[in-house]
Amino acid sequence: MRSLPTAAELLKIAREGLLNELLPHLPKEHHYTALMAANALAISMREIQADDGQHKAEAALLHELYGSAAPDEGMDALAGHLAHDLRAGRFDARLEAVGDLLLAEVTARLRVSNPKYLKQAGLN
Amino acid sequence: MDANKETTGTPDIAAFAAAFLKKETGADGVEIHSCKRLGGGAIQENLALDLTITGGPWAGRHELVLRTDSPSSLAVSLGRAEEFAVLKAAFGAGVKVPEPLWLHRDAGELGKDFYLMRKAGGSAAARPLVRGDLTTDERDALLFELGGELAKLHTVRPPVASLDFLPLPDGTPAQSRVAEYRRLIDAIGRPQPTLEWALRWLELNAPASTETTLTHGDFRTGNYMVENKHLSAVLDWEFAGWSDPMEDLGWLCARCWRFGAWEHEVGGVGGTAALARGYASISGKPVDLSLLPYWEVMGIMRWAVIALMQAERHLSGEQPSLELALTGRMLPEIELDLIQEIQTIEKERARHA
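Respectively, the protein sequence lines represent chains R and P. For the first sequence, position 122 (counting from the first letter as 1) is numbered 153 according to my numbering, and the numbering increases by one without interruption. For the second sequence, position 262 (counting from the first letter as 1) is numbered 263 according to my numbering, and the numbering increases by one without interruption.
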């Protein structure tokens, strides 16, 4: 049975308390830390609520580059291999296409870390 | 001597500096009126000292900045004694820097080196410059000055005896950087496919270097002081080295240092034309702006590696810090910058092919 409120809801209300109730009473020199803490809570909240976009982007990248040899574990398991192959020039002939695939994967991570940045970069 | 009046910095250092100055300047006494920690500098600690020297050739009131190492430092940055030598070389070349005055080489008395320089006027804060109400003409005037200062710095060429601790690039400066960043990524030990992709592109597209000069290594908005809308001093020399002069321009113009004002290519302040004019006014030859996009990518790459190293200080448990932790979560932004800027260059190239 799931405990309520969910972790995401707890993070959301904790963040609101921090920004709305605590921040106005903090001396100016502590605002930066408070805002950073609020940002950390927001990232955590988005990460908990994230869809499988990142998993899909990773799978597409690995499938395109390694075909059926791609492991199911996703990027973490193959990151070292991919990094090595890129450095060794194995994908030189299609560096641009690899860039597009990496862009999709980075975009998925940015949706969690900083969606506003995506917007500024003309992506969403 | 009263080192503790209005002291919010480190009284030990202030008292130590007063005794050091007394000896160094042959003074009868040194009175510290205030010692305040200055903001900025995740790596260095900067203390503003307001003091009076009595007796000797330096008698009078002085506003100085004492720069020392903070508890954590990056392996890629210079130590204070080396930075002092670079600052002297830059000052000698006519670059607007806070005049470097005295170096304390520690032999165990304090536990760290420091140096003292004149306090420059103005503010280094980036946001007011980027968001502030400078007119277009005022922005261009500031960029012209920035270009001129870079050109003066780039007149310093190896070999320079006082800078013999700075390694020369192994191969061209671009090749040397690619190798350096790969080493640093390997040392952290977490594979970075996007960074490897960009490094491979940087390797395949490395320009033949035309020259190697003294470079600042961290010349960006936020690291120069502006007073009454004009450049008053270039700060933060701990990343100086021998490199391609275009590397300094690329770093200044890289998207990651525009503070959100992407439309203003030069540090979020304005366009490249005024910068190039200012540079050429000193160097006597036009800046090849066609090389700039490559070096902007190299700049973003540099920031990616620095961000990784900063995040690692948190991840390794060496220095638990919310700010360093969040720097780790900035990596996707930097990766996006890398991919988009490389794609833009490739599109331009295809258009002209």
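Just so it is clear, CB atoms sit at the ideal spot from N, CA and C, and this is done for glycine as well. Being a predicted model, the structure only gives us computed values, none of them experimental.
{"Query": "For a test of the three-state rule: what should DSSP assign to K59(R), helix, strand or coil?", "Result": "helix"}
{"Query": "Could you compute how far the alpha carbon of G122(P) sits from the alpha carbon of P321(P)?", "Result": "34 Å"}
{"Query": "In chain P, what lies closer than 8 Å to L113(R) by C-beta?", "Result": "P192, P194 and E197"}
{"Query": "Extract the residue ranges of the alpha helix (DSSP H) inside the segment 236–264 of chain P, only unbroken runs of 4 or more that lie entirely within it.", "Result": "246–254"}
{"Query": "In three-state DSSP terms, what is W1(P)?", "Result": "Chain P is shown only over 2 to 354; residue 1(P) falls outside these bounds and no answer can be derived."}
{"Query": "May I ask you to report which of helix, strand or coil DSSP gives D82(R)?", "Result": "coil"}
{"Query": "Under 9 Å Cβ-Cβ, which residues of chain R neighbour R132(P)?", "Result": "Per Cβ cutoff of 9 Å: no residues; R132(P) is ~15 Å from chain R at best."}
{"Query": "Taking just the CA atoms, how far does C36(P) sit from N5(P)?", "Result": "Unreliable placement is indicated for N5(P), whose pLDDT of 39 sits below 50; no coordinate value is reported for it."}
{"Query": "Starting from L325(P), find everything on chain R with Cβ-Cβ shorter than 9 Å and list it in chain order.", "Result": "Residues of chain R passing the Cβ test: none, with the nearest at roughly 10 Å."}
{"Query": "For D70(P), name the three-state secondary structure that DSSP assigns.", "Result": "strand"}
{"Query": "Hey, would you say A308(P) sits closer than 7 Å to T328(P), going by beta carbons?", "Result": "yes"}
{"Query": "In the DSSP assignment, what are the bridge partners of G61(P)?", "Result": "I54(P)"}
{"Query": "Count the other C-beta atoms from every protein chain shown that fall within 10 angstroms of the C-beta of N145(R), then say buried if there are 16 or more, exposed otherwise.", "Result": "buried"}
{"Query": "Would you mind telling me which residues of chain P sit closer than 7 Å to L117(R), beta carbon to beta carbon, in chain order?", "Result": "P194, E197, W198 and R201"}
{"Query": "Since F115(P) is in the beta strand (DSSP E), which residue starts that stretch and which ends it?", "Result": "F115 to R119"}
{"Query": "Give me the residue from E297(P), R352(P) and R330(P) with the minimum Cα distance to D219(P).", "Result": "E297(P)"}
{"Query": "Rounded to whole angstroms, what's the CA-CA distance from E47(R) to Y63(R)? Just pull it up for me.", "Result": "16 Å"}
{"Query": "Measure the alpha-carbon distance for L250(P) versus E110(P) and round it to whole angstroms.", "Result": "40 Å"}
{"Query": "Is the Cβ of L72(R) closer than 7 Å to any Cβ of chain P?", "Result": "no"}
{"Query": "Any beta-carbon of chain R closer than 7 Å to the one on P333(P)?", "Result": "yes"}
{"Query": "Among L205(P), A234(P), T216(P) and E324(P), whose alpha-carbon lies nearest the alpha-carbon of E127(R)?", "Result": "L205(P)"}
{"Query": "What are the start and end residues of the alpha helix (DSSP H) that includes V87(P)?", "Result": "R81 to G93"}
{"Query": "For R46(R), return the contacting residues in chain P, with the cut-off set at a CB-CB distance below 9 Å.", "Result": "By Cβ distance, chain P contributes nothing, its closest Cβ being about 14 Å from R46(R), past 9 Å."}
{"Query": "Kindly confirm or deny that the segment 81–95 of chain P and the segment 125–135 of chain P touch, where touching means at least three C-beta pairs closer than 8 Å.", "Result": "no"}
{"Query": "Step through the CB atoms of chain P and report whether any lies within less than 7 Å of the CB of A110(R).", "Result": "yes"}
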